[in-house]
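Participant: First the structure, then my questions, so here it is.
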Amino acid sequence: MSSDMIEKIYKVSEMAGGIQEVVIFTDTFKIFGSLVNDDKNNMKHVLTLKNASVCKHTDECSCSIDSPMYEWLNIYEEKIAAFSILGYQSCAN
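The sequence shown begins at 62 in the working numbering and counts up one residue at a time.
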C-alpha cells in the first residue's frame, strides 16, 4: 500500500464536501468513525478516528450495541486496505 494513503483519505473527504465520517477496511476489521485531521497533532503514518466502532468484515453493520467503541482509535497506514467516505449514510439495526 502506498505511503500516502492517509493523504488520499483526507483528499477524498475534502472532495466530498468535508465529510468526516468514514469506514476503513483492514485485512481483519471494518472500522467506522470520524476523521481527526489536526495537522499539528497528526502522527506520521497513523490515521486517527474518533468515536470509532470496530467489527468483523462479515458484520453487516457496526452500529450494534455489541460492537466495541473507542473514543480515539489509531490505525497504522500500512494496515489500511480500503476506505469509503460515508457522508450522511448511517447504520440502522
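Ideal Cβ positions, reconstructed from N, Cα and C, are used throughout, including at glycine.
Going by other Cβ atoms of all chains shown within 10 Å of its Cβ, with 16 needed for buried, is G94 buried or exposed?
Facilitator: buried
Participant: Quick one: grab the DSSP three-state call for K69.
Facilitator: Three-state result, K69: helix.
Participant: Might you give, ordered along the chain, the residues of its own chain that have their beta carbon closer than 7 Å to the beta carbon of A143, omitting 5 neighbours on each side?
Facilitator: F86
Participant: Please report how far the alpha carbon of Q81 lies from the alpha carbon of I67, in whole angstroms.
Facilitator: One Cα belongs to Q81, the other to I67, and the distance between them is close to 13 Å.
Participant: Helix or strand or just coil, what does DSSP make of K117?
Facilitator: Look at K117 here: in three-state DSSP terms it is strand.
Participant: Secondary structure at S128, three-state DSSP: helix, strand or coil?
Facilitator: coil
Participant: Are L108 and E138 close, meaning C-beta to C-beta below 8 Å?
Facilitator: Yes, these two residues count as a Cβ contact at 8 Å.
Participant: For V83, I'd like the list of residues in its chain whose CB is within less than 8 Å of its CB, leaving aside the five on either flank, ordered along the chain.
Facilitator: I70, S74, F93, G94, S95, L96, L110, F144, S145, I146 and L147
Participant: Give the straight-line distance between the Cα atoms of A77 and K117, rounded to the nearest whole angstrom.
Facilitator: 26 Å
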